[in-house]
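Report on the structure given below.
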Amino acid sequence: MSQTDNYEAAAAGATTDVARFDAGDKGIIGRFHHLLHTTPALVPLIVLIAALTLFGVLLGSKFFSPFALTLILQQVQIVGVLAAAQSLVILTAGIDLSVGAIAVLCSVIMGQFTFRYGIPAPIAVALGLAAGTAIGAVSGWLVSRVKLPPFIVTLGMWQIVLAANYLYSANETIRAQDIEAEAPFLQFLGLKMQLAGATFTLGVLLMIALVLILAYALRHTAWGRHVYAVGDDPEAAELSGVNVHGTLMSVYMLVGFICGLAGWVMIGRFGSVSPSATTGVIGNIQSITAVVIGGISLFGGRGSILGAFFGALIVGVFELGLRMAGANPQWTFLLIGALIIGAVAVDQWIRKVTA
Amino acid sequence: MEPILKARGLVKRFGKVTAIDHADFDLMPGEILAVIGDNGAGKSSLIKAVSGALTPDAGTVTLDGRTVAFRSPIEAREAGIETVYQQLAMSPALSIADNMFMGRELRRQGLLGRWFRMLDKPAMQAFAREKLNELGLATIQNINQAVESLSGGQRQGVAVARAAAFGSKVVILDEPTAALGVKESRRVLELIQDVKSRGIPIILISHNMPHVFEVADRIHVHRLGKRLCVVKPGDCTMSDAVAYMTGAKLPEAPAAA
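So, in structure tokens, the structure goes:
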């Protein structure tokens, strides 16, 4: 090494100050971009407020009343709970097409266990939640251990669960008045509370509490950081010491459990237990729509669950607002389609770190 | 003296490709052992086999006199082996502090930590900041910035700082200076000496011969999936080492030292 001059010594006098750069005046758009980059849930929140303002101006107090606004919450409670579950899976770069079907099967289990076998309603509810968790565990195991793509696993699980639901229930509906008379606990989440014209059901409160708890867990616990890391890059997560299998299993089981909760919310909302509830067929698409409008990346690892909640509310606001305005319901679907594409376009713009 | 980390007869095959072919490996307490070899000689596979990222098909690994069989990097880490991989193993969307503490997060004291499992973000950020400053990575402006916004060299620096901060028995560095500038490379070499002075042995994989000859106590020459020989920097020249690892010349006393 004699021929080299000691070039490294020249770095000895290097400055040790933390580098500072003049960020430059990026203008209002630049600063707004930075804000969106650091807080991704802001985009759906802005859209939500804009939609509320728009319909408020157009429809006046008919729409902007405590009654109508809380009606939106009641109408989105099932999709909202399912979207919370869907967010978790999508954050791990997965997708769950079976969420709606699991919810319906769980509601059927809760109802049939009570009426067919005479099991006390609270125990039947617990068994329904356990069944949801078990289905989630099967999906999680297939994804994490057998390494099947989540899309395939849950596409199959969707059909299996939905068929099992019809076979087991023999397509029998349990009527609302029977439940009310014999097992009111099944409708527990439908309990209403009035507050100055606003109506809250326990199901709505459950949805809000669930979103807040999950938002906390994702942001402030090690488990939450691991969910993001697994969605971001599972190999890197494994090498840096994350139990990837355990994290995936916990996510899919929690998703199954939350779908069970959604099933219980369904009984509260509809009063009856019906194996042919539309949630079983379109619940998955509705929840994925809410998640995408909420700005969570389908590639995993980015986004916030609050965004998905706002996404569900945006859909609810459009549905109720357009119906009150007397528009053809197809306008709702058309606008939501445009919103999905718009949301992803905005998302791409935000992603650009150097803008 | 007994080696702190020892491997005997390791074999790893990927289909028809043999990555490790009955390789032996010894790391003595408190030393810096450099591992050199041509591209594809199987250096990284060897390191992965002793650090739990690969499960060898045959052979034994002994840590501190006890036979170990790590099934995952987590188990190796729990045993005190800390590794910086070539691909760095970072989650791009998460912050520097999140990445440094991935898998060993600190929780708040008391009720918030025990019942709500709340992370102690201020403590983790302060620790991460301190470790990066030790490494002279002052060009990192914000400890909460996402790793994807760092340059390649800064990411490398974060990965090295993480290993140096947490390694208790063995620190393994796979090409730690490959993406670094002159000043940062020098810092990493100083850091290696610093870790050594704490009594923790280091395995350094590098193609940079001046760096290897400067810091290594012994040099393990890897060729065609096995250990060709071990030399001391004082006993041979850089040209000899390069000749050994490329097969241009055979060592006089195989597996000496």
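Chains as they are written, first to last, in my numbering: chain P, -11 to 343; chain Y, 3 to 259. Built from N, CA and C at the ideal position, the CB exists for glycine as well. Since this is a predicted model, take the numbers as computed values, not measurements.
>> So, under 8 Å CB-CB, Leu202 of chain P and Ile293 of chain P are touching, yes? Tell me the CB distance rounded to an integer number of Å.
In response: Mapped onto the first sequence, residue 202 of chain P falls at position 214. Mapped onto the first sequence, residue 293 of chain P falls at position 305. Approximately 5 Å separates the beta-carbon atoms of Leu202 of chain P and Ile293 of chain P; this is inside 8 Å, confirming the contact.
> Whose C-alpha, out of P:Ile281, P:Pro108, P:Gly185 and P:Val35, is nearest the C-alpha of Val332 of chain P?
Replying inline: For this step, residue 332 of chain P is matched to residue 344 along the first sequence. For Val332 of chain P, the nearest C-alpha among the options comes from P:Ile281.
> Can you find a C-beta in chain Y that's less than 8 Å from the C-beta of Leu227 of chain P?
Replying inline: Start at 1 with the first residue of the first sequence, and residue 227 of chain P comes out as number 239. Chain Y, which has a Cβ nearer than 8 Å to the Cβ of Leu227 of chain P, makes this yes.
> Where Ala259 of chain Y and Phe168 of chain Y are concerned, what is the direct C-alpha to C-alpha distance, given to the nearest angstrom?
Replying inline: Numbered from 1 along the second sequence, position 257 holds the residue referred to as residue 259 of chain Y. Numbered from 1 along the second sequence, position 166 holds the residue referred to as residue 168 of chain Y. Confidence in Ala259 of chain Y is poor, its pLDDT being 44 and thus under 50, which makes the residue's placement unreliable; the coordinate value appears in the next sentence. Their Cα atoms are separated by approximately 30 Å.
> So which residues of chain P does Asp100 of chain Y contact, with C-beta pairs closer than 7 Å?
Replying inline: Reading the second sequence from its first residue, position 98 is the one you call residue 100 of chain Y. Chain-ordered, the chain P residues with CB closer than 7 Å to the CB of Asp100 of chain Y read Arg213.
> Using 8 Å as the Cβ pair cut-off and three pairs as the minimum, do the region 195 to 207 of chain Y and the region 27 to 34 of chain Y touch?
Replying inline: A contact between stretches requires three or more CB pairs, one per stretch, nearer than 8 Å, and the region 195 to 207 of chain Y meets this requirement with the region 27 to 34 of chain Y.
> At a CB-CB cut-off below 8 Å, which residues of chain Y make contact with Asp220 of chain P?
Replying inline: On the first sequence, residue 220 of chain P is found 232 positions in, with the first residue counted as 1. In chain order: Ser93, Pro94, Ala95 and Leu96.
>> Between P:Phe51, P:Ala56, P:Ala313 and P:Phe298, which has its C-alpha nearest Met195 of chain P's C-alpha?
In response: Counted from its first residue, the first sequence places residue 195 of chain P at position 207. Checking every option, the nearest Cα to that of Met195 of chain P belongs to P:Phe298.
> In chain Y, which residues lie with their C-beta within 9 Å of the C-beta of Arg290 of chain P?
Replying inline: Start at 1 with the first residue of the first sequence, and residue 290 of chain P comes out as number 302. What Arg290 of chain P touches in chain Y: Ala95.
> Near Gly120 of chain P, which residues of its chain fall below 6 Å by C-beta distance, leaving aside the five closest residues on each side in sequence?
Replying inline: The residue you call residue 120 of chain P lines up with position 132 of the first sequence. Around Gly120 of chain P: Ile90, Cys94, Gly244, Phe245, Cys247 and Gly248.
> What does Ala25 of chain Y pair with, by DSSP beta-bridge criteria?
Replying inline: Indexing the second sequence from 1 puts residue 25 of chain Y at position 23. Per DSSP, the beta-bridge partners of Ala25 of chain Y are Y:Leu12.
>> Any beta carbon from chain P within less than 8 Å of Ala180 of chain Y's own beta carbon?
In response: In the second sequence, residue 180 of chain Y corresponds to position 178, counting from 1. For Ala180 of chain Y, no Cβ of chain P is located within less than 8 Å of the residue's own Cβ.
> So who's on the other strand from His224 of chain Y, going by DSSP bridges?
Replying inline: As a first step, residue 224 of chain Y must be located in the second sequence, where it is residue number 222. His224 of chain Y pairs with Y:Gly39 and Y:Arg229.
>> Please confirm whether Asn231 of chain P has its beta-carbon closer than 8 Å to some beta-carbon of chain Y.
In response: Locating residue 231 of chain P in the first sequence gives position 243, where the first residue counts as 1. Cβ-Cβ to chain Y under 8 Å: yes for Asn231 of chain P.
> Of the residues that make up the region 199 to 211 of chain P, which ones have a beta carbon closer than 7 Å to any beta carbon in chain Y?
Replying inline: Using a CB distance below 7 Å, the part of the region 199 to 211 of chain P facing chain Y consists of His208, Thr209 and Ala210, ordered along the chain.
>> For Met237 of chain P, count the other beta carbons within 10 Å of its own beta carbon; 16 or more makes it buried, fewer makes it exposed. Which is it?
In response: Locating residue 237 of chain P in the first sequence gives position 249, where the first residue counts as 1. It is buried - the Cβ of Met237 of chain P has at least 16 other Cβ atoms within 10 Å.
> Can you list, in chain order, the stretches of the alpha helix (DSSP H) that have 4 or more residues and sit fully within the region 133 to 197 of chain Y?
Replying inline: As far as the region 133 to 197 of chain Y is concerned, its whole alpha helix (DSSP H) runs of at least 4 residues are 154 to 168.
> In chain order, what residues of the same chain lie with their CB nearer than 6 Å to the CB of Asp335 of chain P, ignoring the 5 residues before and after it?
Replying inline: Along the first sequence, one-based indexing puts residue 335 of chain P at 347. Scanning its chain for C-beta atoms nearer than 6 Å, with the 5 sequence neighbours on each side dropped, one finds around Asp335 of chain P the residues Gly283, in chain order.
>> Beta-carbon within less than 8 Å of Ser151 of chain Y's beta-carbon, same chain only, minus the 5 sequence neighbours each way: which residues are those?
In response: Here the question's residue 151 of chain Y lines up with position 149 in the second sequence. Around Ser151 of chain Y: no qualifying Cβ.
> How close, in whole Å, do the beta carbons of Gly304 of chain P and Val253 of chain P come, if the pair is a contact with beta carbons under 8 Å?
Replying inline: The residue labelled residue 304 of chain P in the question sits at position 316 within the first sequence. The residue labelled residue 253 of chain P in the question sits at position 265 within the first sequence. At roughly 14 Å, the Cβ-Cβ gap does not stay under 8 Å, so Gly304 of chain P and Val253 of chain P are not in contact.
> For Ala186 of chain P, which option in P:Phe20, P:Pro54 and P:Gln65 has the closest C-alpha, if you only look at C-alpha atoms?
Replying inline: As a position in the first sequence, residue 186 of chain P is number 198, starting the count at 1. Nearest C-alpha to Ala186 of chain P among P:Phe20, P:Pro54 and P:Gln65: P:Pro54.
> Which chain Y residues are close to Thr81 of chain P, counting only those with a beta carbon under 9 Å from its beta carbon?
Replying inline: Translated into the one-based positions of the first sequence, residue 81 of chain P becomes position 93. Residue identity check: residue 81 of chain P is Ala in the sequence provided, not Thr. Per Cβ cutoff of 9 Å: no residues; Ala81 of chain P is ~11 Å from chain Y at best.
> Can a CB atom of chain Y be found closer than 8 Å to the CB of Tyr216 of chain P?
Replying inline: For the purposes of this step, residue 216 of chain P is taken as the residue at position 228 of the first sequence. Closer than 8 Å: yes.
> Going by alpha carbons, who is nearest to Ala250 of chain Y out of Y:Arg225, Y:Ser187, Y:Thr57 and Y:Gly105?
Replying inline: If you number the second sequence from 1, residue 250 of chain Y lands on position 248. Per the Cα distances, Y:Arg225.
> Under 8 Å, do Gly229 of chain P and Ile76 of chain Y count as touching if we go by C-beta distance?
Replying inline: Sequence index remark: in the first sequence, residue 229 of chain P carries index 241 (1-based). Sequence index remark: in the second sequence, residue 76 of chain Y carries index 74 (1-based). Yes, the Cβ-Cβ distance between Gly229 of chain P and Ile76 of chain Y is below 8 Å.
> In chain P, what lies closer than 7 Å to Gly105 of chain Y by C-beta?
Replying inline: The residue given as residue 105 of chain Y occupies position 103 in the second sequence. For Gly105 of chain Y, the C-beta contacts it makes with chain P under 7 Å involve Ser228, Gly229 and Val230, in order along the chain.
> Phe188 of chain P and Met181 of chain P look like a contact to me (Cβ under 8 Å); what is the Cβ gap, rounded to whole Å?
Replying inline: Taking the first residue of the first sequence as 1, we reach residue 188 of chain P at position 200. Taking the first residue of the first sequence as 1, we reach residue 181 of chain P at position 193. Right, the Cβ-Cβ distance comes to about 5 Å (below 8 Å), so this counts as a contact.
> With DSSP run on the structure shown, which of helix, strand or coil describes Arg68 of chain Y?
Replying inline: Counting from 1 along the second sequence, the entry for residue 68 of chain Y is found at position 66. Per DSSP, reduced to three states, the secondary structure at Arg68 of chain Y is strand.
> Taking the C-alpha atoms as reference points, what is the distance between Arg163 of chain P and Thr142 of chain P?
Replying inline: By 1-based counting over the first sequence, the position of residue 163 of chain P is 175. By 1-based counting over the first sequence, the position of residue 142 of chain P is 154. Their Cα atoms are separated by approximately 30 Å.
>> Any contact between the region 4 to 14 of chain Y and the region 38 to 52 of chain Y? By contact I mean 3 or more CB pairs, one from each, below 8 Å.
In response: Between the region 4 to 14 of chain Y and the region 38 to 52 of chain Y, the count of Cβ pairs shorter than 8 Å is three or higher; the stretches touch.
> Taking Cβ-Cβ distances shorter than 9 Å, what residues in chain P pair up with Met120 of chain Y?
Replying inline: As a working note, residue 120 of chain Y is residue 118 in the second sequence. Correct list: Tyr204, His208 and Thr209.
> How is the beta strand (DSSP E) around Ala81 of chain P delimited, first residue to last?
Replying inline: Residue numbering aside, residue 81 of chain P sits at position 93 when the first sequence is read from its first letter. Run containing Ala81 of chain P: none; DSSP gives neither H nor E here.
> What is the residue span of the beta strand (DSSP E) that Met181 of chain P lies within?
Replying inline: Working through the first sequence from its first residue, we reach residue 181 of chain P at position 193. That run of the beta strand (DSSP E) goes Lys180 to Leu183.
>> Here's the rule: buried if 16 or more other CB atoms are within 10 angstroms of the residue's CB, otherwise exposed. What is Leu252 of chain Y?
In response: Translated into positions along the second sequence, residue 252 of chain Y becomes position 250. Leu252 of chain Y comes out exposed.
> Curious, which full-length beta strand (DSSP E) runs of at least 3 residues does the region 279 to 308 of chain P contain?
Replying inline: Within the region 279 to 308 of chain P, complete beta strand (DSSP E) segments of at least 3 residues are not found at all.
> Along chain Y, which residues have their Cβ under 9 Å away from the Cβ of Ala29 of chain P?
Replying inline: Start at 1 with the first residue of the first sequence, and residue 29 of chain P comes out as number 41. The contacting residues do not exist; Ala29 of chain P stays about 15 Å from chain Y at best.
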